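When we follow our numbering, the leftmost residue of the sequence shown carries the number 30, and every step to the right adds one. Cβ atoms here follow ideal geometry from the backbone N, Cα and C, with glycine treated the same way. The model shown is predicted, which means the values in this text are computed figures rather than measured ones. Okay, structure first, notes after.
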Amino acid sequence: MIEVSNLIKQYGSHTAVNRLTLSVKPGEVLGLVGPNGAGKTTTLRCLAGIIPFTSGQVTIADVDLVTDPVAAKRALAFFPDEPRLFDYLTVRQHMTFTARIYGVVNAEPLIISLLQELEILDKADKLPGQLSRGMKQKLVIACGLLHSPKVMFFDEPLTGLDPLGIRKMKDSIMRRAQAGATVILSSHLLHLLEEVCTNVLILKKGQKIADGTLAEVSARYSAGESNVSLEEIFMRATGGVED
Ligand SMILES: Nc1ncnc2c1ncn2[C@@H]1O[C@H](COP(=O)(O)OP(=O)(O)OP(=O)(O)O)[C@@H](O)[C@H]1O
Ligand SMILES: [Mg+2]
30 MIEVSNLIKQ YGSHTAVNRL TLSVKPGEVL GLVGPNGAGK TTTLRCLAGI
80 IPFTSGQVTI ADVDLVTDPV AAKRALAFFP DEPRLFDYLT VRQHMTFTAR
130 IYGVVNAEPL IISLLQELEI LDKADKLPGQ LSRGMKQKLV IACGLLHSPK
180 VMFFDEPLTG LDPLGIRKMK DSIMRRAQAG ATVILSSHLL HLLEEVCTNV
230 LILKKGQKIA DGTLAEVSAR YSAGESNVSL EEIFMRATGG VED
């Protein structure tokens, strides 16, 4: 469960996220969409406790992020758009190191099954410098899934993956949501979001301009037409413009 109330994030005098309120329940996948600079990454970083926010309240799996950050972080995983890895640790060492940090017991079978699921088991002894961009992204995802997070934040998880990788990532996200995880996902790949998300939130200049189920949001912008794509809704809602 993710509860956000009146979240504000300022960088100096610039307000990147402005009074954002949202709620995502277990089993739901919320698609966070908006033009470049709308505040998607900033929002996800605030919700994952990676950067402090200016004001507001964030509750992750019934834990207040500000008053009990360690418990909240135990329940969540943040998957960044830029994979950052340790140059001198192999794929397997990244996994064992992450498992140790999170106190995952008997991690070895889980490590093997995650590397298998993400199709990088054959790269287990390679260093990041020997991996492609998509493989690095898969390793970051495998590391993030090790502690079986109840709440997951994905920032552009599909960019850089090949078509099969995209399909598997979508399946993997949907399967975890169906098993009770709570997910927020930001992406510009709107046709793919449509397949994964139960709900959508449109952000523009740090402010929420629409949210609800896909059907609710499309009803608001479709003026009675049927089968209006999320891309068309996005254009109508935001004007398609950058910040
Ligand atoms: N570290 C920072 N310091 C100052 N301003 C920042 C910082 N990070 C982001 N911003 C500003 O905050 C706003 C929101 O940026 P953010 O990266 O959250 O957008 P985004 O919606 O993720 O965009 P994109 O679709 O390009 O990934 C932008 O105006 C950006 O310039
Ligand atoms: Mg971003």
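Closest residue to residue i among the options (Cα-Cα distance)
i      : options                       : result
Val87  : Asp97, Leu76, Pro81           : Leu76
Pro98  : Asp91, Tyr117, Asp116, Gly78  : Gly78
Asp200 : Leu222, Val46, Glu254         : Leu222
Leu61  : Leu230, Met264, Pro112        : Leu230
Leu243 : Gly194, Ser34, Val58          : Val58
Asn35  : Val212, Leu193, Lys237        : Lys237
Arg205 : Ala101, Ala248, Glu146        : Glu146
Val92  : Pro138, Val33, Gly268         : Val33
Ser142 : Thr96, Tyr131, Leu168, Leu118 : Leu168
Tyr40  : Gln122, Phe82, Met264, Val95  : Phe82
Thr211 : Gly194, Asp151, Phe183        : Phe183
Euclidean distance between Cα positions of residue i and residue j
i      : j      : result
Ile37  : Arg74  : 12 Å
Met181 : His43  : 27 Å
Gly170 : Leu219 : In the sequence as displayed, the identity of residue 170 is Ile instead of Gly. Taking the straight line from one Cα to the other gives about 21 Å.
Asp116 : Glu185 : 23 Å
Arg129 : Cys172 : 11 Å
Glu111 : Leu160 : 14 Å
Thr127 : Ile89  : 21 Å
Glu271 : Met124 : In this prediction, Glu271 has a pLDDT of 48, which is less than 50 and means its spatial position is unreliable; what the coordinates show is noted afterwards. Their Cα atoms are separated by approximately 38 Å.
Ala106 : Pro178 : 6 Å
Tyr250 : Glu224 : 19 Å
Ile213 : Thr71  : 13 Å
Short Cβ contact (8 Å threshold) for residue i with residue j
i      : j      : result
Ala239 : Leu175 : no
Lys69  : Val120 : no
Gly158 : Gly189 : no
Ser216 : Leu259 : no
Gly56  : Gln207 : yes
Val53  : Ile80  : no
Gly235 : Asn65  : no
Gly63  : Leu232 : yes
Coil, strand or helix - residue i by DSSP
i      : result
Glu32  : strand
Tyr250 : helix
Lys167 : helix
Ser215 : strand
Ile195 : helix
Thr227 : coil
Ile11  : In the structure as shown, the chain starts at 30 and stops at 272, and residue 11 therefore has no counterpart that could be examined.
Ile79  : coil
His176 : coil
Val134 : coil
Ile106 : Here residue 106 turns out to be Ala, not Ile, going by the sequence shown. Looking at Ala106 - three-state DSSP - the assignment turns out to be strand.
Asp291 : Since the first residue of the chain shown is 30 and the last is 272, residue 291 is not available in this structure.
Ala67  : coil
Quick one, what's near ligand 2 if you take every residue whose CB is closer than 7 Å to any heavy atom, in chain order?
Lys69, Thr70, Asp110, Asp184, Glu185, Ser215
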